[in-house]
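Working notes, beginning with the structure itself.
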Amino acid sequence: MDNDKKAYIHSVETGGTVDGPGIRYVIFFQMCPLRCKFCHNPDTWQLQPDKIKTEEELFNEIMKYKDFFALSNGGVTVSGGEPLLQAKFILNLFKKLKKENIHTAADTCGYIEVDEIIKELFAYTDLFLLDIKHLDSPKHLELTGKDNKKVLKFLQALKEHNKKTWIRQVLLPEWTMDESYINHLINYLKDYKNIIEKIELLPYHEMGKEKWTKLGLKYTLTTKPPKKEALFDIKTMFEKNGFDVLLSV
Ligand code: SF4
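So the sequence shown is numbered by the working numbering: it starts at 2 and just counts up by one.
Rendered as structure tokens:
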């Protein structure tokens with residue numbers, strides 16, 4: 002959008018507790034550069050030009066929850082879709098929120114060019130939630146439609162800017178759960194330990210399937226959700242390597 006005071010917003014959630022610390026106001030932006038086979042928000046992919054919010058509108062709405070943020074150490078999270086496709090808007094909004102001392106977080110797939118806007122945004126974003134869809138680039142391509150080079154570059158940029166990061170990994174049987182993959186991921190992430198505050202393990206679920214059908218899309222993933230025991234084993238593997246792990250089961 003040429004006007005950076007307006008953005009294509011899919012929806013907002015006012016009492017979010019999973020996209021960052023405390024109680025959060027979560028803004029789901031429209032559009033995404035990836036097409037993950039397990040996506041549970043495919044309704045954010047297509048641009049709905051009528052769903053627009055202005056910065057002022059959002060800011061005023063957010064300010065109503067300021068006391069809740071303070072009481073719970075919460076704040077505002079931008080998510081999607083891929084929020085950083087509308088980085089200019091977010092930069093302006095976050096600048097205003099930081100003036101009010103509100104915690105800011107960005108949940109991103111990392112498939113984003115680290116340009117001057119993004120670099121400036123780093124200064125106004127307290128926390129990044131970065132999804133690693135797959136560490137192996139051909140597998141990333143198969144799973145999301147794009148390879149992972151940009152994503153790993155984004156992680157590198159987070160390190161260079163010393164940004165606090167939660168790494169999110171969807172645990173998808175046959176794709177991201179075998180021991181060798183987890184060991185590979187742990188070893189890769191060791192180089193980023195100084196910025197990684199948490200590893201968030203997200204067990205794959207099929208709840209998004211229905212949305213795909215409603216949108217007339219074909220859900221091609223045949224993998225079944227993982228068994229609980231295997232999830233705890235993976236959690237332990239990370240913990241043994243000194244990572245703080247969040248596992249929602
Ligand atoms: S990055 Fe997120 S919103 Fe985009 S396709 Fe993947 S799961 Fe869906």
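We treat Cβ as the ideally placed atom computed from N, Cα and C, and that holds for glycine. Just so you know, these numbers come straight off a predicted model, no measurement behind them.
Specify the secondary structure class of residue i as computed by DSSP and reduced to three states.
i: Q47; result: coil
i: T145; result: helix
i: T55; result: strand
i: D108; result: strand
i: S249; result: coil
i: L35; result: coil
i: V171; result: strand
i: D3; result: Residue placement at D3 cannot be trusted, given a pLDDT of 48 that sits under 50; what the coordinates show is reported in the next sentence. If DSSP states are grouped into helix, strand and coil, D3 belongs with coil.
i: F114; result: For the record, residue 114 in the displayed sequence is Glu; it is not Phe. Of the three classes helix, strand and coil, the one that applies to E114 here is coil, per DSSP.
i: H162; result: coil
i: E180; result: helix
In the DSSP assignment, what residue or residues form a beta bridge with residue i?
i: Q157; result: According to DSSP, Q157 bridges with nothing at all.
i: E83; result: DSSP lists no partner for E83.
i: D132; result: R169
What are the start and end residues of the beta strand (DSSP E) that includes residue i?
i: L216; result: Where L216 is concerned, there is no enclosing beta strand (DSSP E), given that its DSSP letter is neither H nor E.
i: K199; result: I197 to P204
i: F244; result: Element bounds for F244: n/a, residue is neither H nor E.
Quick one: what's got a C-beta closer than 6 Å to residue i's C-beta in the same chain, skipping five residues either side?
i: D3; result: Confidence in D3 is poor, its pLDDT being 48 and thus under 50, which makes the residue's placement unreliable; the coordinate value appears in the next sentence. The answer is none, since no qualifying residue turns up.
i: M238; result: I183
Only counting the same chain, and skipping five residues up and downstream in sequence, which positions put a Cβ closer than 8 Å to that of residue i?
i: T166; result: L128, F129, L130, L131, L156, L159, Y193, I196, I197 and E198
i: K140; result: W176
i: K151; result: G111, Y112, I113 and E114
i: M203; result: Rather than Met, the amino acid found at residue 203 in this sequence is Leu. Within the same chain, L203 has close Cβ partners R169, Q170, V171, L172 and S249.
When you compare each of the options to residue i by their alpha carbons, which one comes out closest?
i: I113; options: L216, F29, D148 and E175; result: D148
i: H206; options: G23, L35, C40 and T15; result: C40
i: R169; options: S181, I187 and H162; result: I187
i: T15; options: L48, T45, N42 and G75; result: G75
i: E101; options: D116, I119, N61 and H135; result: N61
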